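See structure below.
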Amino acid sequence: MKAHLMAALVAMNMVFGAAAEPVSGAGQAQAIAAYDAAVSAERAGDAQRAVKLYKQAISIDPGETCFYIGLGELYQHKNDLVSAEATYKVAMKFDPNNGLLQSAWANLLWAKGDTAESVRVWRKASPAVEKAQRESWTMAHRSGGNHGTGGLQPASATEIAFNARHQK
2 MKAHLMAALV AMNMVFGAAA EPVSGAGQAQ AIAAYDAAVS AERAGDAQRA
52 VKLYKQAISI DPGETCFYIG LGELYQHKND LVSAEATYKV AMKFDPNNGL
102 LQSAWANLLW AKGDTAESVR VWRKASPAVE KAQRESWTMA HRSGGNHGTG
152 GLQPASATEI AFNARHQK
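Numbered according to my numbering, the sequence shown spans residues 2 to 169.
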């Protein structure tokens, strides 16, 4: 398992490299379009296309934590815990204190059977997650819906992360 994780981390770093500052303008619009398409593909059950689109969004804007969270959650739902772990570890290199990323990490630890560490990480992350959820709902009410949901629905961790980062 360790060899698989190391290979996945090396591959993720080769594809995405070190995370940079978020892009703006046309690049940001392209990254958001790829992210939106990934979320749509995932909801439609096309996991293979969703993975490709999340990776595309990351390659355009490697500093956007929510793209990694979306990809990691997708891998986890596919029961590819090695790829999920590698994805989260790349994001934790540049955004280690992100509560939503820590929450996703805690969920992964739980899935891997490391319940004690999962609970410890979740307790650390939960205040930030609760704050982001409140901010996400506030934004949703102001804008008429969460990013990518088309209505007032509870946001996924990925949507909460996106909304928190791009809130004005």
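Backbone N, C-alpha and C fix where the C-beta goes; we use that ideal spot for every residue, glycine too. All figures in this text were calculated on a predicted structure; none of them were measured in a lab.
Residue i, enclosing alpha helix (DSSP H) - first and last residue
{"i": "ASP96", "result": "First-last for ASP96: undefined, no H or E at that position."}
{"i": "ASP37", "result": "26-44"}
{"i": "GLY73", "result": "66-78"}
{"i": "LYS56", "result": "48-61"}
Member of the options whose CA lies at the smallest distance from the CA of residue i
{"i": "GLY73", "options": "LEU110, VAL130, PRO128 and ALA34", "result": "LEU110"}
{"i": "LYS79", "options": "GLU65, SER60, PHE95 and GLN49", "result": "GLN49"}
{"i": "PHE95", "options": "GLU118, ASP62, ARG44 and SER84", "result": "ASP62"}
{"i": "ASN98", "options": "VAL122, ASP47 and ASP81", "result": "VAL122"}
{"i": "CYS67", "options": "ALA105, GLY46 and ASP81", "result": "ALA105"}
{"i": "GLY114", "options": "ARG124, LEU82, GLU131 and GLN29", "result": "LEU82"}
{"i": "GLY28", "options": "GLU131, GLU65 and SER41", "result": "GLU65"}
Beta-carbon spacing of residue i, residue j below 8 Å
{"i": "ALA92", "j": "LEU102", "result": "yes"}
{"i": "TYR55", "j": "GLY71", "result": "yes"}
{"i": "GLU43", "j": "LEU75", "result": "yes"}
Closer than 8 Å to chain B by CB, residue i
{"i": "ALA129", "result": "Absent from the structure is chain B; it holds one protein chain and no more."}
Contact belief for residue i with residue j at Cβ below 8 Å, rounded distance in angstroms
{"i": "ALA107", "j": "ALA126", "result": "6 Å"}
{"i": "ALA32", "j": "ALA51", "result": "With a Cβ gap of about 15 Å, ALA32 and ALA51 do not count as contacting."}
{"i": "GLN77", "j": "ALA85", "result": "4 Å"}
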